[in-house]
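What follows is a set of notes on a single structure, which appears directly below.
In UniProt numbering, the protein residues as written are 1 to 317.
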């Protein structure tokens with residue numbers, strides 16, 4: 001079967017189409033004919049071996065797929081790796097049927113990025129009605145959903161950071177109350193200005209480096225910052241414990257993989273997100289579809305911040 005298989009670590013250039021053996025489902029697993037595979041920013045880290053978990057070569061990237069099972073069910077699944085292929089295998093607890101009213105691209109947007117946004121607001125920061133929320137990469141896969149969910153769940157003011165005028169216009173259309181340039185230089189001041197001069201209660205941060213530092217500096221008393229990525233590939237400055245004590249601030253981390261031992265931590269939020277999407281309340285953004293043969297282009301576009309919403313691969317092309 002056709003798949004993207006990497007045999008060395010590196011950038012987008014290591015992503016090449018190969019002919020590989022078809023996977024076989026063992027007991028407790030499901031074989032899926034892939035209609036579309038999801039692309040996540042974490043995939044770019046996995047390919048260059050800078051991800052949180054160890055990566056072993058050779059590797060077929062891709063942690064999520066939507067497609068058909070042997071008995072004809074339309075499903076979305078988390079597969080860990082192996083998604084950039086014509087067929088993939090998933091463990092049964094991480095396979096969910098896709099309801100009518102939810103497209104393939106939307107299902108892929110929700111299964112990983114949607115559940116991440118759900119947990120960032122519900123589990124990690126415990127959003128309360130009326131609080132202000134800053135969402136980094138507001139036009140991205142997680143960010144575009146987090147903006148909508150924060151408004152839906154009663155945030156008083158949602159501020160989205162985005163890299164271009166076009167993306168800032170888009171996050172405003174999604175419901176953000178304000179949009180700011182996410183460039184680190186002067187970011188704290190732009191955040192405060194967007195929040196009527198006041199620090200923000202919650203920050204969803206996935207850039208790292210100076211953007212993390214500027215965001216923490218804009219955090220209110222009893223504020224919560226959750227970090228769930230490092231897209232800049234830069235480390236934030238160390239924070240002395242006294243800076244947390246003064247202002248009673250919290251820094252949390254979130255990695256969706258920590259939910260995998262308890263499938264309900266994924267399935268329950270996903271069911272809620274499916275319902276919200278099917279009834280039109282939530283609008284997952286599918287920002288681009290690439291042929292499998294152009295996976296390298298997709299990764300290059302993602303790393304260069306040229307994309308919005310969810311990116312997907314078509315394994316038939």
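Here a beta-carbon is modelled for each residue, glycine too, at the ideal position from N, C-alpha and C. Here the structure is a predicted model, which means the values were calculated and not measured.
Three-state secondary structure assigned by DSSP to residue 155: coil
Residue range of the alpha helix (DSSP H) that includes residue 290: Not the alpha helix (DSSP H): residue 290 falls in the beta strand (DSSP E), residues 286–291.
Cross-strand partners of residue 29 (DSSP beta bridge): 91
Residue 88 and residue 79 closer than 9 Å at C-beta: yes
Proximity of residue 10 and residue 56 at Cβ, strictly below 9 Å: no
Same chain only: Cβ atoms within 7 Å of residue 147, ignoring 5 sequence neighbours per side: 135, 138, 158, 160, 171, 174, 175, 176
Residue from 224, 108, 190 with nearest C-alpha to residue 141: 108
Selection from 253, 145, 210 that minimises the alpha carbon distance to residue 287: 145
Straight-line Cα distance separating residue 294 from residue 2: 13 Å
Alpha helix (DSSP H) runs wholly inside the stretch 53–139, at least 4 long, in chain order: 104–108, 115–119
Every unbroken alpha helix (DSSP H) within the stretch 215–294, with a cutoff of 4 residues, ordered by chain: 241–245, 264–278
Boundaries (first-last residue) of the alpha helix (DSSP H) holding residue 191: 187–194
Residue from 292, 314, 256 with nearest C-alpha to residue 119: 256
Collapsed DSSP secondary structure at residue 204 in the structure displayed: strand
Nearest-angstrom Cα separation, counted from residue 181 out to residue 187: 7 Å
Beta-bridge pairing of residue 180 - partner residues as DSSP gives them: 161
Residues bridged to residue 34 (per DSSP): 67
Delimiting residues of the alpha helix (DSSP H) encompassing residue 42: 41–48
Which listed residue (84, 217, 5, 204) has its alpha carbon closest to that of residue 240: 217
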